[in-house]
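Residue numbers (my numbering): 897 to 1047. For each residue, glycine too, the CB sits at the ideal point set by N, CA and C.
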Amino acid sequence: MINTTRSPTRMSELAELSSREIQLFEPPADALYTIEATSRIVDVPRRTILVYCKYRLLSPAPTTADHGYYFNGNAVRTLRRIEALRTVCGDDLAGIKIILDLTASLERLRSDIRLLSRTKGADSWEKNDSEASPASPRRFNVRSSSRRKRK
């Protein structure tokens, strides 16, 4: 037999879970949100957001407004990262801060590497164009083997 008292609650729970998956909001880069709106977007209590600000895990956007905290799209993404890390690290806010700092450093290093590889690639293209002219023959560097054959 089917338990009809249990099915509707289970169905509503599934509908609620699937609706949360669909509602992932990617904020525009130039938008500013109040602490209340940020709280609703990320589904984190206002008080928790203030604790994150106190521990410098998150910083509000610099605004000209006199009252309240305002957050931009980067802060919303950071809040999502913090919440994901809390599922792994628990309430260890110092550990989460270290992970966030290391992640930010890693992203900066990766962007620096991409920039350097682009400039190096552009330089090598310019060199290859000048070497490809018929007036200057290409030289190839051939390394000799360190082992010599004995006869």
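Reduced DSSP secondary structure (H/G/I, E/B, other) of Met897: By one-based count along the sequence shown, residue 897 stands at place 1. Legend: pLDDT at Met897 = 44, less than 50; position of this residue unreliable, no value from coordinates given.
Residue(s) in a DSSP beta bridge with Leu928: Here the question's residue 928 lines up with position 32 in the sequence shown. Among the bridge pairs identified by DSSP, Leu928 is matched with Asn968.
Ser935 versus Leu1002, Lys993, Lys1016, Val972, residue with shortest Cα-Cα distance: The residue labelled residue 935 in the question sits at position 39 within the sequence shown. It is Val972.
Sufficient close CB pairs (3 or more, under 8 Å) joining the segment 997 to 1010 to the segment 953 to 968: In short, these stretches do not touch, since the Cβ pair count stays below three.
Ser955 (DSSP reduced to helix, strand or coil): Within the sequence shown, the letter at position 59 stands for residue 955. Coil.
Buried or exposed (CB count within 10 angstroms, at least 16 for buried), Tyr951: Along the sequence shown, one-based indexing puts residue 951 at 55. Of the residues assessed, Tyr951 falls on the exposed side of the cut-off, its CB having fewer than 16 other CB atoms within 10 angstroms.
Val938 beta carbon less than 8 Å from that of Arg976: Indexing the sequence shown from 1 puts residue 976 at position 80. Indexing the sequence shown from 1 puts residue 938 at position 42. Result yes, Cβ atoms of Arg976 and Val938 sit closer than 8 Å.
Rounded C-alpha distance that separates Asp987 from Tyr929: Start at 1 with the first residue of the sequence shown, and residue 987 comes out as number 91. Start at 1 with the first residue of the sequence shown, and residue 929 comes out as number 33. Put simply, the backbone Cα of Asp987 is about 25 Å away from that of Tyr929.
Residue range of the unbroken alpha helix (DSSP H) whose run includes Val947: Numbered from 1 along the sequence shown, position 51 holds the residue referred to as residue 947. For Val947, the enclosing alpha helix (DSSP H) stretches over residues 942 to 950.
Local conformation of Gly1017 per DSSP, three classes: Taking the first residue of the sequence shown as 1, we reach residue 1017 at position 121. Helix at Gly1017.
Chain-order list of residues whose beta-carbon lies under 6 Å from that of Pro923 (same chain, five-residue window excluded): For this step, residue 923 is matched to residue 27 along the sequence shown. Around Pro923: Gly969, Val972.
Leu989 versus Glu932, Ala925, Ala933, Ile945, residue with shortest Cα-Cα distance: For the purposes of this step, residue 989 is taken as residue 93 along the sequence shown, with counting starting at 1. Of the listed residues, the one whose Cα sits closest to Leu989 is Ile945.
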